[in-house]
């Protein structure tokens with residue numbers, strides 16, 4: 002096991018005088034899917050925003066392949082190989098699907114961008130039919146596909162996905178889950194924040210529960226799914 006691929010150690014963060022995260026620790030191994038679950042307001046999105054450099058960590062350490070990213074800007078985090086698919090998709094309306102995807106590659110200077118456009122089109126075939134369409138006119142599921150594909154276009158080593166299933170029908174979530182597994186099998190590690198605990202546990206190998214900004218339990222998702230407290234609080238069982 003190599004826990005040094007990506008690691009969060011003792012991170013605390015918040016907004017102004019309001020502290021949201023308290024000593025959070027989590028790691029992702031190369032090639033792994035790890036999930037973070039918890040109720041609304043637990044700090045899940047704040048953690049991803051902190052990792053992405055959108056908000057600063059007040060203390061603690063965030064490291065990618067041993068490189069300390071504490072205090073890094075969003076551009077520096079992206080250049081290190083970490084991409085965020087934000088909650089709510091956050092596409093650029095008024096721009097075509099293709100241009101939204103190309104925005105994901107804005108830091109790149111290599112010659113494989115066209116190849117990666119073909120790759121994301123193979124994972125999300127509907128996008129190949131929508132390349133010239135205004136991204137703001139896509140259905141909710143298609144917008145989530147576009148947001149995921151835009152993240153992939155940065156060629157990340159670690160893709161962070163904030164609320165994959167938010168506001169989407171079960172069949173759409175099932176298709177997105179299959180696509181995310183294909184993304185992972187292509188070599189991209191995934192850190193998934195998800196309120197749908199059953200979906201999260203089906204996708205991820207390991208996970209943690211975040212409550213009031215603190216990790217209260219972590220481990221293999223098969224074990225978490227058998228934990229009676231987790232089952233009662235988050236799975237309705």
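Numbering (the working numbering), first residue to last: 2 to 238. Cβ coordinates follow ideal geometry from the N, Cα and C atoms, glycine included.
Residues that DSSP places opposite residue i in a beta bridge
{"i": "residue 144", "result": "BP columns for residue 144 are empty, so no partner."}
{"i": "residue 20", "result": "15"}
{"i": "residue 117", "result": "DSSP output for residue 117 lists no bridge partner at all."}
{"i": "residue 76", "result": "For residue 76, which the question treats as bridged, DSSP gives no partner whatsoever."}
{"i": "residue 62", "result": "10"}
{"i": "residue 209", "result": "37, 219"}
{"i": "residue 97", "result": "135"}
Whole-angstrom C-beta distance between residue j and residue i, which should lie under 8 Å
{"i": "residue 281", "j": "residue 214", "result": "This structure gives no information on residue 281, because the portion of the chain shown stretches from 2 to 238."}
{"i": "residue 248", "j": "residue 27", "result": "No statement about residue 248 is possible, as the shown extent of the chain runs from 2 to 238 and does not include it."}
{"i": "residue 148", "j": "residue 98", "result": "Residue 148 to residue 98, Cβ: 11 Å. No contact."}
{"i": "residue 203", "j": "residue 38", "result": "No, residue 203 and residue 38 are not in contact; Cβ-Cβ is about 12 Å, not under 8 Å."}
{"i": "residue 60", "j": "residue 13", "result": "5 Å"}
{"i": "residue 161", "j": "residue 53", "result": "7 Å"}
{"i": "residue 197", "j": "residue 166", "result": "5 Å"}
{"i": "residue 190", "j": "residue 29", "result": "5 Å"}
{"i": "residue 11", "j": "residue 62", "result": "7 Å"}
Within 8 Å, strictly: CB atoms of residue i and residue j
{"i": "residue 83", "j": "residue 159", "result": "yes"}
{"i": "residue 34", "j": "residue 193", "result": "yes"}
{"i": "residue 57", "j": "residue 67", "result": "no"}
{"i": "residue 92", "j": "residue 100", "result": "no"}
{"i": "residue 125", "j": "residue 150", "result": "yes"}
{"i": "residue 94", "j": "residue 69", "result": "no"}
Buried/exposed call for residue i, threshold 16 Cβ in 10 Å
{"i": "residue 185", "result": "buried"}
{"i": "residue 133", "result": "exposed"}
{"i": "residue 163", "result": "buried"}
{"i": "residue 223", "result": "exposed"}
{"i": "residue 157", "result": "buried"}
{"i": "residue 152", "result": "buried"}
Backbone secondary structure at residue i - three-state DSSP
{"i": "residue 223", "result": "helix"}
{"i": "residue 175", "result": "helix"}
{"i": "residue 130", "result": "helix"}
{"i": "residue 149", "result": "helix"}
{"i": "residue 161", "result": "strand"}
{"i": "residue 190", "result": "strand"}
{"i": "residue 48", "result": "helix"}
{"i": "residue 56", "result": "coil"}
{"i": "residue 204", "result": "helix"}
{"i": "residue 31", "result": "coil"}
{"i": "residue 195", "result": "coil"}
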